[in-house]
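Undergrad: If you scroll down you'll find the structure; I have some questions about it.
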């Protein structure tokens, strides 16, 4: 299995809703990442997990809350989002946090906040 | 702010030609360099990685790195319409191991 699976593929939520994005990989990777990508822009790093521990938070607003329940799963909990948070949310993984590895990206969740 | 710069394009090349994509970076001690391909509405896909000066070939793709001049390039030989996509350059910064993505170059291969 060489894939990163993200669910749901599309999500529409109101500003008062609570929802979660899910990411799963079974490649034995111990580093997992959340990225946000707006249209015609490069991906922007949000969070890095290394061995299930949060190692980097790129000053992301608290309405985004990551969680890594085990080495295969990564969640992103969403609450009280704003319309400007609408974007493609990408999960990625790599064997380790290291300059020697490229990332495997999931297909993303396209989020629309109304 | 450490930066990675790419020409946004579009870069248009005829089918069968060589497409040349360029990327410059500002952090002189950057260690690792990656090229990703992203089709419209899809996620990035790793094409090549390069870590040392010189050329690295993989099929129709060749990555070139020149650390003294702080640029990395991607050559696509025998370009096909299916190569039409946005190509993202990514650089790993010293110390933090964080990717910094360039803004991407949109490539159009004309049949």
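Residue numbers (the working numbering), protein chains in the order written: chain A, 2 to 115; chain B, 86 to 196. We put the CB at the ideal spot given by N, CA and C, even for glycine.
Which partner residues of residue 139 of chain B appear in the DSSP bridge assignment?
TA: DSSP output for residue 139 of chain B lists B:150 as bridge partner(s).
Undergrad: Does the structure place the region 127-134 of chain B close enough to the region 145-163 of chain B that three or more beta carbon pairs sit under 8 Å?
TA: In short, these stretches touch, since the Cβ pair count reaches three.
Undergrad: Just to confirm, are residue 193 of chain B and residue 101 of chain B a CB contact at a threshold of 9 Å?
TA: No.
Undergrad: Look at the Cβ atom of residue 26 of chain A, then the Cβ atom of residue 99 of chain A, and state whether they are nearer than 9 Å.
TA: Not in contact: residue 26 of chain A and residue 99 of chain A (Cβ atoms no closer than 9 Å).
Undergrad: Take residue 15 of chain A and list the residues in its own chain whose beta-carbon comes closer than 7 Å to its own, dropping the five residues that flank it on each side.
TA: Same-chain partners within the cutoff: 115.
Undergrad: Comparing alpha-carbon positions, which option in B:195, B:111, B:164 and B:124 lies nearest residue 105 of chain B?
TA: Selected option, being the one with the closest Cα: B:164.
Undergrad: Buried or exposed: residue 123 of chain A, going by 16 or more other Cβ atoms within 10 Å of its Cβ?
TA: Chain A is shown from 2 up to 115; residue 123 of chain A falls before or after that span and cannot be answered.
Undergrad: Taking the beta strand (DSSP E) that residue 122 of chain B falls in, what are its first and last residues?
TA: Run containing residue 122 of chain B: 117-123, per the beta strand (DSSP E) assignment.
Undergrad: DSSP three-state label for residue 53 of chain A, please.
TA: DSSP places residue 53 of chain A in coil when its eight states are reduced to three.
Undergrad: Just to confirm my understanding: we take residue 61 of chain A, look at its own chain, exclude 5 residues before and 5 after, and list those with CB closer than 7 Å. What are they?
TA: The answer, listed in chain order, is 47 and 48.
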